[in-house]
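Peer 1: Below is a structure I'd like to ask you about.
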Amino acid sequence: METNDATAEAAGVPASAERILETSAGTSARMSRQARRDTKPEIELRRRLHRLGYRYRVNYPLPGLPRRRADITFSAKHVVVFVDGCFWHGCPEHGTSPRNNAAWWAEKLRKNVDRDRETDAHLRDAGWTVLRIWEHEDPDLAARRVVGALTTERNPGDRT
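In numbering that gives the first Met the number 0, the protein residues as written are 0 to 159.
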């Protein structure tokens with residue numbers, strides 16, 4: 000639906016609000032279909048870890064952080080793994096910024112990154128090892144990183 004500033008103003012809606020309403024319906028529908036869990040990169044990493052004999056919890060609630068979950072959790076070893084999407088978590092290599100509603104998206108994506116840092120700090124303070132893996136990372140290399148974290152001997156007070 001094409002509209003111009005005069006049409007929007009005549010309808011009693013500021014032109015900028017009209018544009019937001021036009022783009023948000025399609026964008027909202029598309030974004031609502033985005034997988035929150037069981038993404039291809041997550042599944043690829045989980046398959047490799049499972050093949051290596053590791054067992055883990057999927058979409059596990061984080062202790063002390065309501066409404067936050069880890070993609071892969073090794074609760075006995077206190078290791079959590081997040082497989083972060085390049086768009087949603089601000090990948091320095093592949094992250095993009097939408098042109099429509101640019102200010103809103105910039106704030107939204109910044110808050111995601113801030114929440115990630117807050118989650119990392121909380122878990123590390125509680126004695127957990129936190130691994131963040133980008134969706135574009137090679138799953139074999141990512142699995143090696145996870146195995147490395149699981150097999151490293153830690154003293155109870157260590158925070159890596």
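For each residue, glycine too, the CB sits at the ideal point set by N, CA and C.
Opposite A69 in the DSSP bridges: which residues?
Peer 2: Its beta-bridge partners are Y59.
Peer 1: Return the residue from the list K107, V80, V112, V79 that minimises the CA-CA distance to C90.
Peer 2: Of the candidates K107, V80, V112, V79, the one whose C-alpha sits nearest the C-alpha of C90 is V112.
Peer 1: How big is the Cα-Cα spacing for C85 and D115?
Peer 2: Rounded to whole angstroms, C85 to D115 spans 13 Å at the Cα level.
Peer 1: Give me whichever residues DSSP pairs with L64 in a beta bridge.
Peer 2: L64 pairs with L61.
Peer 1: Which two residues bound the contiguous alpha helix (DSSP H) that contains T118?
Peer 2: Residues 101-124.
Peer 1: I believe I132 touches L44 by the beta-carbon criterion, under 8 Å. Please report the beta-carbon distance rounded to the nearest angstrom.
Peer 2: With 8 Å as the limit, I132 and L44 qualify as a contact, their Cβ atoms being about 7 Å apart.
Peer 1: What are the partner residues of R131, as DSSP defines its beta bridges?
Peer 2: DSSP output for R131 lists F81 as bridge partner(s).
Peer 1: Quick one: give me the first and last residue of the alpha helix (DSSP H) that E43 is part of.
Peer 2: Segment 39-50, the alpha helix (DSSP H) holding E43.
Peer 1: Going by alpha carbons, who is nearest to N58 out of L51, T38, K76?
Peer 2: The residue with the shortest Cα to Cα distance from N58 is T38.
Peer 1: Which residues in the same chain as H93 place their Cβ atom closer than 7 Å to its Cβ, once the five residues preceding and following it in sequence are excluded?
Peer 2: Excluding residues within five positions, the ones whose Cβ falls inside 7 Å are C85, H135.
Peer 1: With 16 other CB atoms within 10 Å as the buried threshold, where does L51 fall?
Peer 2: L51 should be labelled exposed.
Peer 1: Keeping to the same chain, check which residues put their C-beta closer than 7 Å to that of R67; ignore five residues upstream and five downstream.
Peer 2: Closer than 7 Å at the Cβ level, and outside the excluded window around R67, lie L61, T118.
Peer 1: Buried or exposed, going by whether 16 or more other CB atoms sit within 10 Å of the CB of M139?
Peer 2: The amino acid occupying residue 139 in the given sequence is Asp; Met does not appear at that position. Exposed: under 16 other Cβ atoms inside 10 Å.
Peer 1: Taking the alpha-carbon positions, what's the Y53 to P65 distance?
Peer 2: Roughly 26 Å separates the two Cα atoms.
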